[in-house]
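See below for the structure under consideration.
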Amino acid sequence: MSIEIRDTAKNFGDFVALADINLSIPSGGLTALLGPSGGGKSTLLRIIAGLETPDSGTVEIDGVDATNVPAQRRGVGFVFQHYAAFKHMSVAKNVAFGLEIRKQPKDEIAQRVADMLKLVHLSQFADRLPSQLSGGQRQRMALARALAIEPKVLLLDEPFGALDAKVRKELRDWLRRLHDEVHVTTVFVTHDQEEALEVADNIVVINNGRVEQVGTPDDLYDNPANEFVLSFLGPITTLGGAAIRPHDIEVVSPTVPDVVTGEIVRITRIGFEVRVVVQPFDTAGRPVDDQVTVTLTRSEARELGLTAGQRIGLRPREGSLIPAR
Amino acid sequence: MADTAIARRTRSFGRKTRGTYLRRSLVIIYLTMLVIWPVSLVAVETFSDGNSLTHALSDPAVTKAIWLTVQVTAWAVVINTVFGVIVSLLIVRYRFPGRRLYSTLLDLPLSVSPVVVGLALLLAYGPRDGFFGPALQDMGISIIFSTPGIVMATAFVSLPLVIRELVPILEEIGTDQELAARSLGAGPWQTFRRITLPSIKWALLYGVVLSLARSLGEFGAVKIVSGNISQRTQTATLVVEDKYLEFEQGTAYATAFLLTLIAVAALVVVTFLRPKEEQK
Amino acid sequence: MTSTTTNSPVGGVTDTADSGALRAENKSPRRRVKQSRHNLTRPAGIGLGITVVWFSLLVLIPLTLVIIQAVEGGWDNFTTTLSNPQTAAAIWLTVRQAFLVTVLNAVAGTLIAWVLVRDNFPGKRALEVIIDIPFALPTIVAGLVLLSTYGPRSPIGIDIANTEHSVFLALLFVTLPFVVRTVQPVLLELEPEVEEAAQSLGASKFQTWTKIVLPALVPAISAGATLAFARGISEYGSLVLLSGNLPFKSEVAAVRIFSYIENDNVGAAASVALVLLVVALIAIVILDLISRKVARRG
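Dropping the structure here:
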């Protein structure tokens, strides 16, 4: 069930939320819409769901033009950041809602609800009210509710944004596994690059209402189309005037030819990583440019025996790519 | 996050359908017929024959009643403000047996008929057969058919208003700041004056203005306990009834107009107090 | 924040109790832990003592005396008073009209709250003020303004003075804010996403309203309706000029109490008052139950 978005634009008053988007989302994949807040990614998702009407352009779901089909009849599952739980209904009733609207037979509904709750590991909470669940459990309920109607596509708007770091990580892995089980075309919005890189098959980077780049996580990370994508996906530093990832810098002896030389300002250990901040010098030994951040593994750092104040040489690692401008 | 949520809210509700206009029109028509038009007619009636207002203000029955109302309102508001602040702090900040019952009973005056309030005070403080009345009479204190009784009746009916404004705010601000102030060496009074009071002042003012409006307008309870003696125990609302029944309708409307003016002014004040508080 | 007034003179009960209970659940484990029966400091204890004494002298003892007066004359006195056809008619009229007004309020109040929260138009803030006018306006003035609009001198020729309808109209006026002000904050809290979720699950606008929005509002509507009903049955000031107080026709319970007092028949006055008190108490209890239920649901 692929999604085709053609020439879609949306303004809110003077604010351009989406400027002429063309995008094709493949069937069965797990696609992330990634970008900074206010970049238009949620608006795009809401347009796909029919919760927002585009000013121009079309949305095609599974080969059918859905632009003028209301949300109610689009057959799209939508999961909201803040769960949007039906507070007065039990967990089971929440999940059953879409099926009851469709007036399916009672026993079928019961069966489907039981299956869904099992899928999201909430079977023992069927009779609880949403207020009696944790945030992570509520979001799983919302997912079960969206999946119960067997949607053509599943859309998730910052689904883990309201959860704390640990639960977020668990749910992320779990969503990946769930998707491998269910195979429904899934699109989720996130501003967290780590989340997108870890979970998605495909990433669409959206900024200022435009698509910056579309590709697999590896593509985007290794071959960013522009500096925005480079800087948005992963950490970045400058070496000799060019943008580069901190872990793509090699520390060598200052005597090695064609390297940037500098003095170590500070060494910080963060978990398994060691972050080394270096002040580069010109050939005359005067400080130049901004400080460079280099990320090393602990064992690398130990091998090199670095200390603050030490003079070292820096150069890009082999195979590290500087983005096409 | 909050910004986008609000943006989204206005977005999706920004769509105006035919139903939107239908509902809006219904509401405006309903409120016009029920409130706006009738209330505006008071002004029309007052100014239709020119000098009703000056005529009313030169009538000693009216001026003395207004002066009594001002005094009674001042007393009732002061009493209820002090009482309200203390009770709100007790209910929110302390735990004691009967706390839940106390806070439920505090709402009682809003649900009791003004006439029953009058009757209750009469039964307690009536000079002849009141429970405390004769004893107080012997001490030379008369409550019913004099100002203290009117103050009590007025304080009774507006009693919960300050409390109802303060309790939610006190609950919301919690005790963190107060505890911090105490740990820095502030005494209970300093803590209240410098920490608690500034954060509740708008809610307090709101409650006070509401009490004021309610106190000025009390009628039924006051009618019973005051004896309704012209120029002595007659309040402004009692004058409105009296003058209307005596076919001095111009005076009745003029007095009603003054009361309406104060009520509407009070509402406008509180409406403009609100946003200020929210912006903080 | 939005500019809508969420707090109001009359609507505080449910949301206050609601948020209070929620808060207790969320962040004060203190409440759940077994604790000593009180944590009053000495000044707080003195403060409590003084306020309880004042509250008793002003409210509790006088109201108790009403009850004592009513039951003192024995069951007979009570039944005699209430079986007086004129009194019975007055009570019946009051309860009936208050009930009808409450039903209309439940519908109109919800509609008004909906428009105030969800619609946006010039003059909306003015409507916010207008909703509270019946609360702030002296009741006698309320009666007078309604009389000049819908009385013998009505500019549109509708004269309902001295009829049963005048009772309905007066009660409708004075109870206007209750449902609006209890429903409004709940409606503001209602996330639009919840309605969108229902839509994306296939619900029509009507289904979203009946299955999602209405159930969320019901506790607030019934809380507001309870307040309106309690206010309605006890109304006096707005009726004295408008209804004409005609026995068997437009005389309400509060007017009846007043005439008993004037005729020095405090026993009978207390009996009728007791009926009103009991109804008011029932209303408070219902209100309390509702707000607790809502608080539990979160």
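Line by line, the protein sequences give chains A, B and C.
Take 38 as the starting number for the first sequence in my numbering and just add one per residue.
Take 216 as the starting number for the second sequence in my numbering and just add one per residue.
Take 21 as the starting number for the third sequence in my numbering and just add one per residue.
Think of the CB as a built atom: it goes at the ideal place given N, C-alpha and C, for glycine as much as any other residue.
Whole-number beta carbon distance between residue j and residue i, since they are thought to touch under 8 angstroms
| i | j | result |
| --- | --- | --- |
| residue 223 of chain A | residue 64 of chain A | Actually they do not touch by this definition, with Cβ atoms about 11 angstroms apart. |
| residue 56 of chain A | residue 121 of chain A | Contact doesn't hold; Cβ gap of about 28 angstroms is too wide. |
| residue 328 of chain A | residue 316 of chain A | 5 angstroms |
| residue 116 of chain A | residue 193 of chain A | 4 angstroms |
| residue 208 of chain A | residue 288 of chain A | About 38 angstroms separates the two Cβ atoms, so there is no contact after all. |
| residue 449 of chain B | residue 271 of chain B | 14 angstroms between Cβ atoms; not a contact. |
| residue 325 of chain B | residue 377 of chain B | With 8 angstroms as the limit, residue 325 of chain B and residue 377 of chain B do not qualify as a contact, their Cβ atoms being about 12 angstroms apart. |
| residue 331 of chain B | residue 86 of chain C | 6 angstroms |
| residue 296 of chain A | residue 220 of chain C | Incorrect: roughly 57 angstroms between the Cβ atoms, too far for contact. |
| residue 407 of chain B | residue 60 of chain C | Contact flag wrong, Cβ pair sits at about 16 angstroms. |
Member of the options whose CA lies at the smallest distance from the CA of residue i
| i | options | result |
| --- | --- | --- |
| residue 174 of chain B | C:83, C:139, C:260 and C:242 | The question about residue 174 of chain B has no answer here: the residues shown for chain B are numbered 216 through 495. |
| residue 446 of chain B | B:435, B:298 and B:458 | B:458 |
| residue 88 of chain C | C:313, C:309, C:251 and C:291 | C:291 |
| residue 248 of chain C | C:283, C:225 and C:202 | C:202 |
| residue 289 of chain C | C:98, C:234 and C:219 | C:98 |
| residue 243 of chain C | C:194, C:309 and C:186 | C:309 |
| residue 268 of chain B | B:455, B:423 and B:342 | B:455 |
| residue 255 of chain A | A:247, A:244, A:245 and A:271 | A:271 |
| residue 299 of chain B | C:70, C:187 and C:61 | C:70 |
| residue 465 of chain B | B:406, B:264 and B:232 | B:264 |
| residue 243 of chain B | C:108, C:175 and C:151 | C:151 |
| residue 177 of chain A | A:188, A:162 and A:326 | A:162 |
| residue 157 of chain B | B:356, B:475, B:241 and B:382 | It is not possible to answer for residue 157 of chain B, since the shown part of chain B is limited to 216 through 495. |
| residue 364 of chain B | B:333, B:394, B:353 and B:471 | B:333 |
| residue 357 of chain B | B:440, B:316, B:251 and B:480 | B:440 |
| residue 379 of chain B | B:320, B:330 and B:237 | B:320 |
| residue 134 of chain C | B:370, B:369, B:261 and B:238 | B:238 |
| residue 302 of chain B | C:66, C:144, C:92 and C:109 | C:66 |
Close-in-space but distant-in-sequence residues of the same chain around residue i (CB under 7 angstroms, 5 per side omitted)
| i | result |
| --- | --- |
| residue 392 of chain B | 410 |
| residue 318 of chain B | 306 |
| residue 205 of chain A | 197 |
| residue 303 of chain A | 314 and 345 |
| residue 309 of chain A | 334 and 335 |
| residue 290 of chain B | 366 |
| residue 177 of chain C | none |
| residue 478 of chain B | 428 and 432 |
| residue 298 of chain C | none |
| residue 46 of chain C | No answer about residue 46 of chain C holds up, because its pLDDT of 41 lies below 50 and its placement is not dependable. |
| residue 241 of chain C | 126, 130, 199 and 203 |
| residue 258 of chain B | 472 |
| residue 415 of chain B | 381, 384 and 385 |
| residue 172 of chain C | 179 and 181 |
6 angstroms CB neighbourhood of residue i in its chain, flanking five on each side removed
| i | result |
| --- | --- |
| residue 348 of chain B | 340, 341 and 342 |
| residue 90 of chain C | 290, 291 and 294 |
| residue 150 of chain A | 129, 132 and 133 |
| residue 196 of chain C | 154 |
| residue 32 of chain C | Confidence is the limiting factor: at residue 32 of chain C the pLDDT is only 37, short of 50, which leaves the residue's position unreliable, though a coordinate-based value still follows. There are no such residues. |
| residue 332 of chain A | 283, 284, 310 and 312 |
Close-in-space but distant-in-sequence residues of the same chain around residue i (CB under 8 angstroms, 5 per side omitted)
| i | result |
| --- | --- |
| residue 89 of chain A | 47, 80 and 83 |
| residue 54 of chain C | Annotation note: pLDDT 46 at residue 54 of chain C (below 50); position unreliable, no value reported. |
| residue 105 of chain C | 268 |
| residue 52 of chain C | The predicted model places residue 52 of chain C with a pLDDT of 43, which falls under 50 and marks its position as unreliable, so this point remains unresolved. |
Proximity test, Cβ basis, 8 angstroms: residue i and chain E
| i | result |
| --- | --- |
| residue 298 of chain C | Structure shown: chain E not included; protein chains present are A, B and C. |
Residues from the stretch 123 to 143 of chain A in contact with chain C, defined by Cβ distance under 7 angstroms: Taking 7 angstroms as the Cβ-Cβ cut-off against chain C, the residues of the stretch 123 to 143 of chain A that qualify are 123, 124, 125, 134, 135, 138 and 139.
Length at least 3, wholly inside the stretch 156 to 242 of chain C: the beta strand (DSSP E) runs in chain order: Here no run is fully enclosed.
Interface positions of the stretch 227 to 251 of chain B facing chain C (Cβ-Cβ less than 7 angstroms), listed along the chain: Flagged, chain order: 227, 228, 235, 238, 239, 241, 242, 245, 246, 249, 250 and 251.
Members of the stretch 158 to 192 of chain C near chain B, C-beta cut-off 7 angstroms: So the list reads 158, 159, 160, 161, 164, 165, 166, 168, 169 and 192, given in the order they occur along the chain.
Contact set between the stretch 104 to 117 of chain A and chain C, restricted to residues whose Cβ is under 9 angstroms from the partner: Listed by position, the residues of the stretch 104 to 117 of chain A near chain C (Cβ gap below 9 angstroms) are 107, 108, 109, 110, 111, 112, 113, 114, 115, 116 and 117.
Members of the stretch 224 to 242 of chain C near chain A, C-beta cut-off 7 angstroms: Residues of the stretch 224 to 242 of chain C with a Cβ closer than 7 angstroms to any Cβ of chain A, in chain order: 224, 227, 232, 235 and 236.
Those runs of the beta strand (DSSP E) which lie wholly inside the stretch 240 to 300 of chain A and span at least 3 residues: For the beta strand (DSSP E) assignment, the uninterrupted runs of no fewer than 3 residues enclosed by the stretch 240 to 300 of chain A are, from N- to C-terminal side, 247 to 252, 274 to 276, 279 to 281 and 286 to 289.
The stretch 116 to 139 of chain C: positions lying closer than 7 angstroms to chain B by Cβ: Of all residues in the stretch 116 to 139 of chain C, 128, 131, 132, 134, 135, 138 and 139 have a Cβ within less than 7 angstroms of some Cβ in chain B.
Every unbroken alpha helix (DSSP H) within the stretch 351 to 377 of chain B, with a cutoff of 4 residues, ordered by chain: Listed in chain order, they are 362 to 372.
Any alpha helix (DSSP H) of 4 or more consecutive residues that is wholly inside the stretch 57 to 94 of chain C: Counting only runs of 4 or more, we get 62 to 75 and 81 to 92.
Near-chain C residues of the stretch 257 to 283 of chain B (beta-carbon distance less than 9 angstroms), N- to C-terminal order: Taking 9 angstroms as the Cβ-Cβ cut-off against chain C, the residues of the stretch 257 to 283 of chain B that qualify are 257, 259 and 260.
Against chain C: residues of the stretch 410 to 442 of chain B by CB proximity under 7 angstroms: The residues in question are 425, 428, 431, 432, 434, 435 and 439.
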